[in-house]
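First comes the structure, then the notes that go with it.
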Amino acid sequence: MTSIEPRVEVVSPTRARFQVRSFDLHTTLSSGQTFRWRSTGTGWTGVVAGRPVILRPTEHGIEAEASVPVADWSWLTQYLRLDDDFEAVMDSFPDDEPMRAALMSCCGLRLIRQPAWECLVSFICSSTKQIVQIEQCIELLSQRFGSPLVSFPGHEPVWDFPTPEQLVMAGETNLRACKLGFRAPYVLAAAKSVQTGRLNLVELESMTTSEARTALTTLPGVGPKIADCVLLFAYGRQDAFPLDVWMLRGLAALYFPRRRPSPKRLRDFADTHFGPWAGYAQQYLFHYARRHRPDLRTRKAKAS
DNA sequence: AGCCAGGCCTGTG
DNA sequence: CACAGGCATGGC
């Protein structure tokens with residue numbers, strides 16, 4: 001798979017500019033793959049690798065401002081996947097009508113490379129919740145159990161995402177109070193598994209996608225969909241193609257109009273039709289269905 | 001008001 | 001394998 005060298009221009013101890021094309025911050029950071037970014041009008045504030053950071057679009061890419069001096073910006077270029085050869089990614093998508101529509105209406109949508117632990121907890125919290133509710137849960141967990149960070153002058157206080165140890169210390173009752181509901185024991189079990197080393201999130205990097213999926217789904221509350229989200233959004237596995245309610249409806253309506261494909265058929269289609277960057281294609285179709293096809297919002301979605 | 005949410009688990013045909 | 005019900009909580 002081809003990759004490119006990110007172009008970084010350091011403009012001050014706390015600021016850098018990244019030259020990149022086809023990267024829409026708004027579309028990307030509100031696409032339901034991350035849950036801690038907030039729009040501040042001119043930019044987006046978030047926490048990456050324990051550093052509060054503000055991202056703003058510029059004429060030639062993205063400008064980043066950190067709350068403390070930064071010697072090496074590679075933590076951010078990795079997070080933003082600026083080494084992806086994005087032209088090659090888009091060229092790899094199948095040339096069919098749904099993909100063309102998704103590409104047209106989701107210009108600059110990118111995948112992010114998230115820390116595995118935060119990603120795992122986020123998607124454990126995601127089951128039968130709307131994206132705004134997931135954001136609330138993750139914010140509450142961070143505020144109550146994460147370590148405080150140095151914020152920007154005049155900005156709200158910021159906390160790091162809590163470690164497994166911090167969530168174990170919190171206990172199930174306090175996790176429940178973050179609106180986790182029945183997911184609280186699942187998050188606690190995941191925290192204990194990682195803390196004790198029973199599940200080593202670093203070791204997953206060297207496994208095949210199938211092996212890593214099996215390891216993740218041993219956790220209670222983690223089934224194939226959540227595992228695929230973690231594999232795609234944290235481990236960059238392009239053969240992970242999360243099938244949630246939106247994707248099942250979207251694939252059926254867009255690719256199998258007036259037929260009734262079984263879930264198994266859709267699974268097989270997802271795994272074979274989209275090429276080497278299938279995970280990326282999935283994100284385009286998900287965002288397209290959710291944002292631009294309100295007719296797919298109901299359970300009985302019809303083809304247009 | 002009531003349906004449903006980037007699901008999963010358990011139990012049944 | 002397919003489907004049903006339950007699960008907390010709240011947005012729209």
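Just so you know, we're using our numbering here: the first sequence kicks off at 1 and counts up by one. Even glycine gets a Cβ: it sits at the ideal position worked out from N, Cα and C. In this text, all values refer to a predicted model and were calculated from it rather than measured experimentally.
Taking only three categories from DSSP, how would you classify residue i?
i    : result
W44  : strand
A240 : coil
S12  : strand
A301 : Residue placement at A301 cannot be trusted, given a pLDDT of 42 that sits under 50; the coordinates are not used to answer.
Q114 : coil
D295 : helix
N174 : helix
Q33  : coil
R38  : strand
R17  : strand
P164 : helix
L251 : helix
V70  : coil
Considering Cα atoms alone, identify which of the options is closest to residue i.
i    : options                : result
I138 : V150, V158, F152       : V158
F145 : A102, R38, F256, T173  : T173
G250 : P276, L216, R297       : R297
T163 : S151, P115, Q136, R293 : P115
R110 : V89, Q19, R213, F182   : V89
E118 : D96, R100, I226        : I226
P245 : Q238, P263, E165, L232 : Correcting the residue type first, residue 245 is Val in the shown sequence and not Pro. The candidate whose alpha carbon is nearest that of V245 is P263.
Near residue i, what residues of its chain come up, given a Cβ to Cβ distance below 6 angstroms and the 5 sequence neighbours on each side ignored?
i    : result
E63  : R17, R56
Y186 : I124, P220, G221
Taking the beta strand (DSSP E) that residue i falls in, what are its first and last residues?
i    : result
R291 : R291 -> not in any beta strand (DSSP E); alpha helix (DSSP H) instead, spanning 278–292.
R51  : 51–58
I4   : Per DSSP, I4 belongs to no beta strand (DSSP E) and is neither H nor E.
With a threshold of 7 angstroms on Cβ separation, who are the neighbours of residue i within its own chain once the five nearest residues in sequence on each side are excluded?
i    : result
L29  : W37, W44
A102 : Y284, L285, Y288
L25  : W44, L55, P57, I62
E59  : none
Which same chain residues end up closer than 8 angstroms to residue i when comparing Cβ atoms and leaving out the 5 residues on each side of it in sequence?
i    : result
A303 : At A303 the pLDDT is 38, less than 50, meaning the model places this residue with poor confidence; the figure from the coordinates comes in the next sentence. Here the set comprises A253, L254, P257, R258.
How far does the alpha helix (DSSP H) with residue i in it extend, from its first residue to its last?
i    : result
A66  : Here A66 belongs to no alpha helix (DSSP H); instead the beta strand (DSSP E) covers 61–66.
D268 : 263–273
K192 : 184–196
S206 : That residue, S206, is in no alpha helix (DSSP H); it is neither H nor E in DSSP.
V89  : 86–92
A227 : 224–233
L103 : 97–105
W75  : 74–79
Next item on the list: Identify every run of the alpha helix (DSSP H) within the region 110–159, keeping only runs that are complete inside it and at least 4 residues long; order them along the chain.
Entry: Counting only runs of 4 or more, we get 116–124, 131–145.
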